[in-house]
Amino acid sequence: MKGFTTKAIHVGEEPKKMQYGDVVSPIHLSTTFAKESIEEVESGYVYSRSANPTRDNLEKKLAALENAKYALAFSSGLAAETTILLSLLKKGEHVIAFDDLYGGTKRLFNRVMMRFGIGFTYVDLRDLDLFRKAIREESRMVWIETPTNPLMKLADIKAISELAHEHDLIVVVDNTFASPYFQQPLTLGADIVVHSVTKYLGGHSDVVGGAVMVSDDELHEKMRFHQNAVGAILSPFDSWLVMRGVKTLAVRMERHQYNAMKIAEYLENHRMVDKVYYPGLESHPQHELAKRQMKGFGGMLSFELRGGLEEARRFVEALEIFALAESLGGVESLIEIPALMTHASIPREERLKVGIKDSLIRVSVGIEDLEDLIDDLNKGFKHL
Ligand code: P1T
C-alpha cells in the first residue's frame with residue numbers, strides 16, 4: 095500500500111481488522127475498558143486519555159501520510175506544539191525560530207513558554223548564515239514554518255536540517271500550509287512534523303485538532319508520555335472527522351492549488367495590487383526552492399492592496415463568497431487581514447519588521463468554481 099491516496103483512504107481503516115468488517119473506523123466513545131482479571135488491567139486499552147481505538151486509527155493514518163513511524167493526535171495545533179516544547183525542552187534551553195510564524199505560535203512561545211525559562215530567537219531562516227549565527231550552546235531546537243503564515247516565505251528544510259544536526263538540534267517543521275500531500279519534511283531530514291489538523295487535514299472547517307509525526311523512538315516515547323500526562327488529546331468523534339477529511343486530501347489539494355494559481359496570476363496583473371505572495375508564481379523569490387522541496391504550491395496566498403488598512407477593510411467586507419474569517423484549509427474560501435486578525439497578537443512594529451503590512455490580505459483559496467471566485471474578487475475591487 096504505497097500511493098498517498100491509497101494510504102489516506104485505507105491505513106487505520108482495514109475491514110479485516112474491524113470486529114464486524116466495517117470499512118470505516120467506528121467511533122469508540124467509551125472512556126474506559128473493562129478487564130476479565132486483575133492481571134489484565136494494564137494491558138490493551140485501559141483509559142481513553144492514554145489510548146483510544148478511534149484515535150489510534152487516526153494516528154496510524156496520519157503517520158502513513160508523513161512517512162513517519164508514529165503520529166500523535168491533539169485537541170488543537172497549539173496543544174500539539176505545546177507538547178513538543180514541554181516534552182523535549184527544559185528550563186534554560188533555547189529555540190531558534192523562523193521570524194514569520196502564525197501569531198498564535200509566537201504568542202505561545204513569547205507569553206507562555208518564556209515564563210518557564212525557555213528562550214527563543216527569531217531569525218529569517220531564508221538565510222542560512224543568520225541561522226548559523228543564532229546557534230548558542232544552549233540551543234536545542236529549530237522551529238520552521240514553510241511556507242510561512244502569512245507571507246509565504248520558504249525555509250530550505252534539507253539545508254537547515256543538515257546544519258542543525260551538526261549542532262545536535264531537533265528540527266521541527268510546521269507543515270500545516272503545504273499539507274503532507276505537497277511536502278514531506280521528514281523525508282527531507284526534519285525530525286518532527288507538526289500540523290494544525292484544523293486546516294487541510296480536516297479540510298471542512300468542522301474540527302479543531304493538532305498532530306505530531308515523528309520516526310525517532312526516543313522522541314516519540316517522550317511526546318507519547320506527555321500526550322497522556324498533560325492530556326490535551328483529540329476526542330474520538332474529532333478523530334473520526336479528521337479520518338473522514340483526510341481521505342479526500344489529495345483531490346482537494348489539487349483543486350486548491352489550481353484555483354490558487356489562477357487567482358495569484360489574476361491578482362498579479364491587477365492594477366490595484368502591489369504585490370502577490372504565492373510560491374507557485376515565478377516572481378516568488380524562492381520559486382526554485384518551492385519546486386525542489388514541494389510537490390505543489392498549495393492553496394494559500396497573500397497580497398498587498400494599493401492603499402492601506404482602510405482599503406483592505408473595504409475590500410474584504412465587500413466580498414460575498416470569500417468569508418471574512420480566520421483559519422484556512424477548508425473547502426470554502428476565506429479571506430482575512432493578518433494585522434487585525436490572525437497576527438494581531440504580534441506588536442505592529444514587529445509585524446512590520448518581518449514584512450506584514452497593514453494592507454496585507456491573506457486568502458485561503460477554496461475549491462469552489464474559479465469563475466465565481468474571480469467574480470467575487472472583482473466585486474471587492476469595485477468597492478475601492
Ligand atoms: O488553531 P490550532 O489548531 O491550534 O493551530 C494553530 C496553528 C499552527 N500552525 C499554523 C501554521 C497555523 O496556521 C495555526 C492556526 N492558524 C490559524 C487559525 C490561522 O488563521 O492562521
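Take 95 as the starting number for the sequence shown in the working numbering and just add one per residue. Note that beta-carbon positions come from the ideal geometry of N, C-alpha and C, so glycine has one too. Note that this is a predicted model, so its numbers are computed, not measured.
Taking just the CA atoms, how far does residue j sit from residue i?
i	j	result
P379	S396	14 angstroms
R442	A433	8 angstroms
Q278	N269	8 angstroms
E239	K247	9 angstroms
A173	D470	36 angstroms
I212	L202	11 angstroms
I468	I357	7 angstroms
K385	T342	23 angstroms
V189	E260	15 angstroms
E362	S439	29 angstroms
L422	G296	10 angstroms
T177	E359	39 angstroms
K111	N151	11 angstroms
L180	R408	42 angstroms
A128	A158	30 angstroms
K184	F210	8 angstroms
S377	Y371	9 angstroms
S427	V265	32 angstroms
P109	G325	30 angstroms
A228	D262	14 angstroms
P274	M394	15 angstroms
N204	G197	10 angstroms
G304	N146	16 angstroms
G449	L245	8 angstroms
R400	K451	11 angstroms
D368	I455	11 angstroms
K200	I103	34 angstroms
A249	L219	6 angstroms
L280	L313	14 angstroms
V288	V267	6 angstroms
S233	G186	9 angstroms
E405	A272	29 angstroms
H122	V140	13 angstroms
K293	E465	24 angstroms
R318	D285	15 angstroms
G374	Q387	12 angstroms
D116	K163	25 angstroms
L222	R445	22 angstroms
G97	E231	42 angstroms
A344	F391	13 angstroms
Starting from residue i, trace the beta strand (DSSP E) both ways and give me its first and last residue.
i	result
D268	264-268
L166	164-168
R456	454-458
M235	233-239
M307	304-308
Y275	Run containing Y275: none in the beta strand (DSSP E); it sits in the alpha helix (DSSP H), 273-276.
I286	286-290
I190	188-192
F98	It is not in any beta strand (DSSP E) - F98 instead sits in the alpha helix (DSSP H) that spans 98-104.
F214	213-217
Tell me which residue opens and which closes the alpha helix (DSSP H) that residue i is part of.
i	result
S427	Unbroken run through S427: none, as it is neither H nor E.
V118	First-last for V118: undefined, no H or E at that position.
G474	464-476
L434	No alpha helix (DSSP H) holds L434; DSSP gives it neither H nor E.
D150	147-159
L182	171-182
R226	222-228
E444	442-448
S131	Per DSSP, S131 belongs to no alpha helix (DSSP H) and is neither H nor E.
I461	It is not in any alpha helix (DSSP H) - I461 carries neither H nor E in the DSSP assignment.
R201	197-201
H259	251-260
Under 8 angstroms, Cβ to Cβ, is there at least one residue of chain D near residue i?
i	result
N322	The question asks about chain D, but that chain is absent: this structure has only one protein chain.
Just to check my reading of the structure: residue i and residue j have Cβ atoms closer than 8 angstroms, yes? What is that Cβ distance to the nearest angstrom?
i	j	result
S453	E398	5 angstroms
L224	S255	Not really, about 16 angstroms apart at Cβ, beyond 8 angstroms.
G424	S309	Actually they do not touch by this definition, with Cβ atoms about 29 angstroms apart.
K492	F276	The structure shown does not extend to residue 492, since the chain spans only 95 to 478, so no value can be given for it.
A191	Y216	5 angstroms
G474	L413	5 angstroms
I429	R346	With 8 angstroms as the limit, I429 and R346 do not qualify as a contact, their Cβ atoms being about 19 angstroms apart.
R149	S333	5 angstroms
G138	M337	Incorrect: roughly 21 angstroms between the Cβ atoms, too far for contact.
L195	T242	7 angstroms
M366	L478	6 angstroms
V459	H350	6 angstroms
Inset, instruction - Could I get the ranges of all uninterrupted beta strand (DSSP E) runs contained in the region 350-425, with 3 residues as the minimum, in chain order? - result: Here the runs fully enclosed are 367-371, 394-399.
Legend entry - Completely contained alpha helix (DSSP H) runs for the region 319-353, where each covers 4 or more residues: DSSP runs (the alpha helix (DSSP H)) wholly in the region 319-353: 330-340.
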